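In the numbering used here, the protein residues as written are 3 to 976.
Report on one structure; see the data block that follows.
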């Protein structure tokens with residue numbers, strides 16, 4: 003049986019061939035003369051040669067009609083690809099202007115040809131040769147797929163009745179939200195990005211536009227649905243849905259925000275006209291399957307946990323979906339080719355500047371691809387480099403580089419390494435010096451917080467020349483000594499540097515000031531973080547680059563802040579950890595000067611400031627274009643009451659002075675004293691329960707009573723200072739009338755008082771040595787009334803007085819789960835014991851009560867003994883180290899004696915009942931076993947009188963084993 007080999011012939015002038023970028027693992031012939039073309043297809047096969055050729059001819063130049071007729075008549079020529087269609091014969095296809103299109107079309111034709119040959123041989127029972135053709139077709143198909151990977155995305159934005167400008171604005175907003183929650187590389191596309199049009203090239207694949215002209219809608223929808231697991235349908239204020247694909251897409255959706263692998267939602271960015279929206283729904287929603295047609299504001303996605311989960315799943319499955327989707331489109335295309343549903347109709351345009359790459363990869367088709375390597379070999383180098391961006395340097399060099407030849411070459415071509423001295427050892431630095439060129443390093447973080455770290459920086463400096471980091475984009479220099487810092491500032495390349503972070507020591511602030519000023523003057527930084535132990539000199543602020551967009555300093559005076567707004571016109575984000583006001587009169591100047599405003603600033607963060615509320619509001623008037631504002635301040639109780647009682651003024655200020663503000667974060671703490679301790683937490687958050695805060699801005703405010711510190715906190719949710727949330731506290735928010743006790747906000751929220759919630763709550767609450775006091779005891783008592791999971795409560799030495807014990811006693815009357823209560827070390831007196839004793843009359847759950855190290859006297863003990871005579875559930879009572887005299891001993895003995903006698907009677911009755919039950923169940927069965935045993939012994943005794951040992955020739959040991967077998971069944975019971 004002859005072997006048939008496909009051969010591609012490219013005919014044309016040298017100029018046209020040189021502009022063609024064509025790459026396919028099949029034998030190629032490059033011809034420039036018409037006579038050579040005619041001779042190539044007319045080659046007579048040698049009798050000893052068992053290989054037949056089939057030709058796929060690409061004509062880049064026109065040929066004579068006689069030669070074209072000859073090619074059409076030659077059986078060895080299967081397909082002719084032309085620049086212009088001459089005669090609509092079956093061997094002709096038009097050529098396109100994209101080399102990928104040409105490679106895909108020819109590859110698909112050759113794959114189909116090889117499959118047809120394999121099917122023909124399979125029908126002729128030539129299974130071994132047919133499997134070869136099938137394998138070659140499969141290998142060729144796998145080869146072309148990595149060159150045509152489909153551009154999938156994480157989020158697909160679909161316009162309903164919104165304008166293109168609204169779509170673009172929403173796309174930017176979603177991108178910012180994704181970055182804020184930690185997904186910076188999220189790809190967002192609109193529906194128009196994928197659909198074919200006359201102006202732009204079809205983005206899915208150049209040759210797949212015809213599929214959308216021939217396939218049915220259901221097929222197209224499933225294709226688009228697999229593009230992105232997250233689909234957002236954007237409402238606008240237009241009067242109709244112009245894009246028919248958008249209406250068809252939403253009509254096939256069945257569930258909203260239900261499955262993280264298939265997640266869709268109706269969203270809006272701008273305020274909607276309700277009349278217009280209901281008109282749209284009345285006209286179009288009759289064909290929709292979804293029932294929930296209300297939209298969600300895009301800014302709510304930052305706090306939407308369902309969106310976070312779906313986004314995380316989309317990020318994890320991105321590469322897998324890309325490969326699966328590409329494979330799916332190839333199958334779709336090949337099925338349509340097999341069914342001859344359409345003809346490829348695109349035209350080649352002349353004058354395209356394309357370089358030639360005619361490598362003969364024929365040998366690669368002979369090597370089968372291992373199943374375990376397919377996913378790796380399919381990924382293009384650019385995608386692998388994107389993956390390496392998130393991998394640390396030593397994992398790349400010591401791990402991935404040694405896996406295989408493919409990854410070895412990928413690592414060698416990677417040029418975006420990031421070095422961090424804290425995670426490197428001396429041997430790591432030596433290896434980096436051998437394998438990585440300095441120009442391939444884009445990020446360098448040097449932190450000298452100890453002697454070992456300083457030695458590693460010295461080694462790095464000795465191995466690399468600082469001036470050779472020509473593509474360095476990010477540099478961090480923390481706690482370096484003077485000479486090292488000066489060398490870096492003098493020799494580092496400023497032209498490519500975008501981000502700089504410097505942490506100065508106390509001594510360095512003077513010595514390196516001139517070098518830092520020179521560096522900042524000639525640099526083109528866009529992001530700068532500057533930290534110093536002492537206040538930064540004004541000259542450094544004046545020399546910061548005009549292109550700076552992000553600035554963070556640890557401390558700043560108001561004068562410096564005022565000057566920064568004038569010197570940095572492009573500054574968008576500013577953060578200061580400590581604000582210092584040395585000239586209060588300077589603030590008053592702003593009231594009369596309305597021209598001093600920075601209209602580019604979008605985000606301001608002020609922490610550890612000691613400003614009054616009036617001054618804080620006055621500072622923000624300098625930046626009317628703010629989108630994000632964060633304030634962390636310790637204020638006086640007077641300012642706190644002013645803020646709470648004058649929330650309407652704050653609303654008016656935001657509406658008039660900060661119209662673009664979307665995210666407002668604040669954290670105010672003030673000392674707890676006798677005046678404000680009598681005010682409930684609910685009164686602090688009640689003014690923030692207005693429609694403006696909850697519905698218009700979606701800002702949730704909470705107030706907390708801190709157990710350990712004499713402080714009350716007022717803050718927005720989510721909390722913007724997580725590092726302070728490590729203390730037990732009681733919190734009430736503006737969206738929840740019932741407060742909840744929080745043990746550790748940073749690690750375990752433990753919202754133990756949330757009723758009818760599905761979250762897991764702890765069963766043991768440990769608050770020992772916390773300054774709970776009476777107010778905290780009131781909140782704990784409220785928790786015990788609502789909570790149905792706490793079984794242990796430890797309030798040792800929590801400074802709980804008479805009022806606090808009364809709150810807890812009232813809660814014990816209603817609680818049905820608490821079994822252990824520790825109130826030792828709280829100076830509880832006899833009056834407090836009276837409240838506890840009354841609650842124990844109604845409580846039938848508490849088992850252990852610890853009242854040690856208190857101030858209980860004889861009267862208090864008498865209250866407890868009266869209760870013990872009636873309470874039958876309390877098993878352990880600790881009264882150590884109290885002021886109880888001998889006169890109270892008879893009362894205690896009498897109460898315990900009655901309780902003990904009754905318990906003894908109940909115990910004896912229970913034991914007697916158990917014995918009678920065992921007798922009824924076991925005695926009959928044991929009697930039958932005893933009768934059976936007696937029968938066996940009698941039977942064996944009679945047998946021993948006979949001569950069975952001699953007849954059976956049994957030895958004494960064998961006789962013993964034979965007779966013992968009868969006792970196995972009842973020997974254990976006996």
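Backbone N, C-alpha and C define an ideal beta-carbon position, used for all residues, glycine too.
None of these values were measured; they are calculated from a predicted model.
Confirm, please, whether the CB-CB distance from residue 533 to residue 556 is below 7 Å.
Going by C-beta atoms, residue 556 is nearer than 7 Å to residue 533.
Are the CB atoms of residue 637 and residue 670 nearer to each other than 7 Å?
For residue 637 and residue 670, yes; Cβs fall inside 7 Å.
How would you label residue 430, buried or exposed, when you count the other beta carbons within 10 angstroms and need 16 or more for buried?
Classification of residue 430: buried, given that the 10 Å Cβ count is 16 or more.
In this structure, what does DSSP give as the bridge partners for residue 531?
503 and 554, per the DSSP bridge assignment.
Keeping to the same chain, check which residues put their C-beta closer than 6 Å to that of residue 282; ignore five residues upstream and five downstream.
Contacts found: 163.
Do you know whose CA, among 244, 112 and 141, lies nearest residue 166's CA?
Among 244, 112 and 141, the Cα nearest to that of residue 166 belongs to 244.
Just to confirm before moving on: does the CB-CB distance between residue 132 and residue 124 stay below 7 Å?
Taking 7 Å as the Cβ cut-off, residue 132 and residue 124 qualify as a contacting pair.
How many angstroms separate the CA atom of residue 778 from the CA atom of residue 632?
The alpha-carbon atoms of residue 778 and residue 632 are separated by roughly 29 Å.
In the segment 226–262, which residue ranges form an unbroken beta strand (DSSP E) of at least 3 residues, counting only runs that do not cross its ends?
For the segment 226–262, whole beta strand (DSSP E) runs of length 3 or above, ordered along the chain, are 232–236.
Taking the alpha-carbon positions, what's the residue 470 to residue 516 distance?
Cα to Cα, residue 470 sits roughly 23 Å from residue 516.
Please list the terminal residues of the continuous beta strand (DSSP E) segment that includes residue 666.
665–673 is the extent of the beta strand (DSSP E) around residue 666.
Under DSSP, the beta strand (DSSP E) around residue 445 begins and ends at which residues?
Here the beta strand (DSSP E) through residue 445 covers 443–449.
Between the alpha carbons of residue 960 and residue 951, how many angstroms are there, rounded?
Using only the alpha carbons, I get a separation of about 10 Å.
What is the DSSP secondary structure of residue 705, reduced to helix, strand or coil?
Looking at residue 705 - three-state DSSP - the assignment turns out to be strand.
I need the straight-line Cα distance from residue 883 to residue 897, nearest angstrom please.
Answer to the nearest angstrom: the Cα atoms are 20 Å apart.
To the nearest angstrom, how far is it from the Cα of residue 691 to the Cα of residue 736?
In a straight line, the C-alpha of residue 691 is about 5 Å away from that of residue 736.
Is DSSP giving residue 846 helix, strand or coil here?
Coil at residue 846, not helix or strand.
Would you decide whether residue 255 is buried or exposed? Buried here means 16 or more other CB atoms lie within 10 Å of its CB.
Looking at its Cβ environment, which holds 16 or more other Cβ atoms inside 10 Å, residue 255 is buried.
Compute the Euclidean distance between the alpha carbons of residue 831 and residue 873, then round it to the nearest angstrom.
Roughly 21 Å separates the two Cα atoms.
Kindly identify the DSSP beta-bridge partner or partners of residue 575.
552 and 605, per the DSSP bridge assignment.
Do residue 259 and residue 160 come within 7 Å of each other at the CB atom, strictly closer than that value?
No, they are not a contact pair.
Is the beta carbon of residue 301 closer than 7 Å to that of residue 309?
Cβ atoms of residue 309 and residue 301: not closer than 7 Å.
Are residue 409 and residue 402 closer than 7 Å when you measure CB to CB?
For residue 409 and residue 402, yes; Cβs fall inside 7 Å.
Could you tell me the boundaries of the alpha helix (DSSP H) in which residue 987 lies?
No answer is possible for residue 987: it lies beyond the span of the chain, which begins at 3 and ends at 976.
Opposite residue 794 in the DSSP bridges: which residues?
766 and 822.
How should residue 800 be labelled, buried or exposed, when 16 other C-beta atoms within 10 angstroms of its C-beta is the threshold for buried?
By the neighbour-count rule (16 or more Cβ atoms within 10 Å), residue 800 is buried.
With DSSP as the reference, label residue 829 as helix, strand or coil.
In this structure, residue 829 counts as coil in the three-state DSSP scheme.
How far does the alpha helix (DSSP H) with residue 862 in it reach, from first residue to last?
860–870 is the extent of the alpha helix (DSSP H) around residue 862.
From 780, 404 and 820, pick the residue whose C-alpha is nearest to that of residue 807; which is it?
Selected option, being the one with the closest Cα: 780.
Do residue 838 and residue 820 have their C-beta atoms within less than 7 Å of each other?
No; because the gap between Cβ atoms is not below 7 Å, this pair is not in contact.
List the residues that DSSP assigns as beta-bridge partners of residue 422.
Partner(s): 447.
Could you pull the start and end residues of the alpha helix (DSSP H) that residue 655 belongs to?
Residues 649–659.
Which of the three DSSP states is assigned to residue 721 in this structure?
The answer is coil: DSSP assigns residue 721 none of H, G, I, E or B.
Helix, strand or coil for residue 496, going by three-state DSSP, please let me know.
Residue 496: coil per DSSP, three-state reduction.
Determine the DSSP secondary structure at residue 685, reduced to helix, strand or coil.
In the structure shown, residue 685 sits in a helix (DSSP, three-state: H, G or I).
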